[in-house]
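Quick note, in my numbering, the sequence shown goes up one by one and the last residue is 948.
Glycine included, C-beta positions come from ideal geometry on N, C-alpha and C.
Keep in mind that this is a model prediction, so the values were computed, not measured.
What follows is a short report on a single structure.
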Amino acid sequence: MLVLTSSSPESTRNFGRATAAVCRPGDVVALIGDVGAGKTTYAQGLGEGLGVESQVTSSTFVLVRQYSGDELDLYHIDLYRLDSLEEVQSLDLDEHLYGEGVTVLEWADKFPSILPDEYLRVNIDYSGQERRTISVEGIGQRGRAMAEELKASLDRSQ
């Protein structure tokens, strides 16, 4: 598991940008953290790294947003307002979770049964007013490869 400390929202955004560099078509990034922890900030960095020109915003009221990137689209899904698996299933997320873009899924821990077998799990936890502890775990073969590529990339940049 890769564990990082973010000292600011910009640092969290930079981590999202770095993650974008290891993403391929069909990759899923599952974001987990409390309200205000920085999930959307991370998603903004991921979008910037993918070349999304428009501002990635919280999907709390629009549950699924699609953004066009330079090479890959970003599907930003927020499960916060959903209360049941039936509500999630009514969104027909398979085209996003198994599509050609990169899917970032906020509040992924609410409905773990919808996650694919392979994904990157990112936990963002408060560790101070501006500080966050970001824990990254690769699930499945592709998820582990993403985590290893990300760690190697971050090691090279330090």
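Own chain residues within Cβ distance below 6 Å of residue 872, not counting five before or after: Once the five neighbours on either side are set aside, the close Cβ partners of residue 872 are 878.
Validate contact between the segment 823 to 831 and the segment 852 to 861 using beta carbons, cut 8 Å, 3 pairs: Cβ pair count under 8 Å is below three, so no.
Validate contact between the segment 809 to 821 and the segment 885 to 903 using beta carbons, cut 8 Å, 3 pairs: The segment 809 to 821 and the segment 885 to 903 touch, with no fewer than 3 CB-CB distances between them shorter than 8 Å.
Per-residue DSSP class, three states only, for residue 919: Looking at residue 919 - three-state DSSP - the assignment turns out to be coil, as it is neither helix nor strand.
Residue closest to residue 876, alpha-carbon to alpha-carbon, out of 904, 854 and 866: Scanning 904, 854 and 866 for the CA closest to the CA of residue 876 turns up 904.
Chain-order list of residues whose beta-carbon lies under 7 Å from that of residue 923 (same chain, five-residue window excluded): Here the set comprises 793, 795, 915 and 917.
Cβ neighbours of residue 896 in the same chain (closer than 6 Å, five flanking residues each side left out): Excluding five sequence positions before and after residue 896, the CB atoms of its chain that fall closer than 6 Å to its own CB belong to 821, 829 and 868, given in chain order.
Ordered list of beta strand (DSSP E) runs contained in the segment 813 to 853, each at least 3 residues: List check, beta strand (DSSP E) in window: 818 to 822.
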